[in-house]
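Residue numbers (the numbering used here): 669 to 1188. Glycine included, every Cβ here is placed at the ideal spot set by N, Cα and C. As the structure is a computational prediction, the values presented were derived from the model and not from experiment.
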């Protein structure tokens, strides 16, 4: 078998071997007089290598054309010699229009064109890698990122430049949305009327370093944002509040939120009272707190003014009660003096009853003058004093008449205490005057209890002579009992009389709510 007679060319032929296989052979062909070459070489390995190389090249082509990233191969003169399949979709250019051309021949005028030429020149001349960097995309409304790499020949010279173009439009749009959202957040964050602070929480509940603050907090305490980011909340909280602040931190770490008041210390040492609404949440595996801080300096000043005003009014009210008590005592004294000029014992008794009624009202004002709470009196204390005064007024022999008190400690408002005190005055006075004639011995029992929800029961009982069974005590011509009926009506209550073993009056009523009443 001979190869073709071509000078200087190795021509391949196939030889059959005993095993029936064919292997490629190279013969050095040379013109002659019909003589065959004497030397043959086995090149099966070379053929296999070429086949593998072709397969790799085909795989590379598939990889390049299958990638969404566009590849553009330029020669040393910047002419386009190869583009991948994605080139058209990324750049908008037709591959047939750019092959063999330089960027200056097909790119539109503008910053994008000059930038590409400048970068290609630098890569080819200096052999440096440029990118990745954003460039002006040829397609309107699209965004492209480009990287240019140099390719070297066997002598180390740049033979080609490979441009890698990636369409980053979706990423860019997302970035713009996020940036816009961040700008809106930043505006809202910094324009908030309250101070805002994000800070870490340590495992022991102590506040950690400050992560972010808004402009309002900076203005509130005089520190710059940069200064506060180097601090913890403990650095600008009044020292006396730190222990409590740690306790609150431990609490809202489990509860999730807390509202409390604190004193902040500004950069110049000024104390700033604030209300803090803190909210705990987990962020990147760490505990973080959002503190909403409201300056309540104005509120505190208003509270102080109100407190001072209330204190002043309390003093004035005490003085009023004191003067009312004194004036009522003057009236009582005048009645007492006037009674000395009366000969008729029945008229004297009327003066005395009126005097006791005035004293009963004066006693309320005396209790209020001495009380801390100007709106109510401890009614059990009032009853003790009133009944003892009545016993003294009627000159009762303690050996002949005893007193039993069963009183529940109740704070009663003035509008209820005065009519109730007058009722008690009339009922006890009635027992003292009429239940024990002729020095008869006996007992008067006074009971006062609360039935819950501002409902009360007052009872006055004696074991004296009592009332006849056929007598309607509330229709007899007695000013005292008529006054009792009117006052019970004023309180919106009820009164019952038990005649067994003496007399027992039981009055049930609620805390007084103002309503009109005819006292005529």
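Three or more beta-carbon pairs separated by less than 8 Å are not found between the region 931–950 and the region 823–843, which leaves the two stretches without contact. The way I'd put it, the region 848–868 doesn't touch the region 815–835; fewer than three beta-carbon pairs between them come closer than 8 Å. With a 10 Å radius around the Cβ and a threshold of 16 neighbouring Cβ atoms, residue 1089 comes out buried. Excluding the 5 residues flanking it on each side, residue 765 has same chain C-beta neighbours closer than 8 Å at 774, in chain order. Of all C-beta pairs linking the region 1063–1073 to the region 1102–1111, three or more are shorter than 8 Å, placing the two stretches in contact. Exposed is the label assigned to residue 1002, since fewer than 16 other Cβ atoms lie within 10 Å of its Cβ. Assignment of beta-bridge partners to residue 847 by DSSP yields no partner. Using a 10 angstroms sphere on the CB of residue 794, the tally of other CB atoms stays under 16, which defines it as exposed. The residue among 1093, 742, 1051 with its C-alpha nearest the C-alpha of residue 789 is 742.
Taking the CA atoms as reference points, residue 802 sits about 24 Å from residue 749. Per the DSSP secondary-structure output, residue 1178 pairs in a beta bridge with 1123.
Taking C-beta separations shorter than 6 Å and ignoring five residues to either side along the sequence, the partners of residue 1155 in its chain run 1087, 1090, 1091, following chain order. In this structure, the alpha-carbon of residue 1044 lies about 24 Å from that of residue 973. Judged by DSSP in its simplified three-state form, residue 970 adopts helix. C-alpha of residue 1150 to C-alpha of residue 1141: approximately 9 Å in a straight line.
By the criterion of a C-beta distance shorter than 8 Å, residue 956 is surrounded in its chain by 866, 867, 868, 869, 879, 948, 949, 950, once the five residues flanking it on both sides are discounted. Assignment of residue 893 by DSSP, reduced to helix, strand and coil, places it in the helix class.
Cβ contact annotation for residue 885 (same chain, cutoff 7 Å, sequence separation greater than five): 863, 864, 865, 961, in chain order. Inclusion of residue 737 and residue 834 in the CB contact set at 7 Å is warranted, their separation being smaller than that value. Contact annotation: residue 1165 and residue 1173 have beta-carbon atoms nearer than 7 Å. At a cut-off of 3 residues, the continuous stretches assigned as beta strand (DSSP E) that sit fully inside the region 729–809 are 738–743, 748–751, 798–804. The continuous beta strand (DSSP E) containing residue 813 extends over residues 811–820. In the three-state scheme derived from DSSP, where H, G and I count as helix and E and B as strand, residue 1103 is classed as coil. In this structure, residue 954 keeps its C-beta atom at 7 Å or more from the C-beta atom of residue 926. Between residue 1028 and residue 1179, the C-beta spacing is not below 7 Å. Of the candidates 1118, 1145, 1121, 1111, the residue whose Cα lies closest to the Cα of residue 1171 is 1111. A distance of 7 Å or more separates the beta carbons of residue 800 and residue 784. Secondary structure note for residue 1146: it is in no alpha helix (DSSP H), with a DSSP letter that is neither H nor E.
Under the DSSP assignment, residue 939 falls in the beta strand (DSSP E) whose first and last residues are 939–951. Rounded to whole angstroms, residue 995 and residue 1129 show a C-alpha spacing of 32 Å. Spanning the alpha carbons of residue 1167 and residue 1034 requires a straight line of approximately 35 Å. Per DSSP, reduced to three states, the secondary structure at residue 872 is coil, with no helix or strand assignment. Contact between residue 815 and residue 832 holds, since their C-beta atoms are separated by about 4 Å, short of 8 Å. Nearest in C-alpha terms to residue 935, of all of 888, 1124, 968, 1012, is 888.
Judged by beta-carbon spacing, residue 1152 lies within the 7 Å limit of residue 1094, meaning their Cβ atoms are closer than that value. DSSP places residue 1061 inside the alpha helix (DSSP H), whose first and last residues are 1047–1061.
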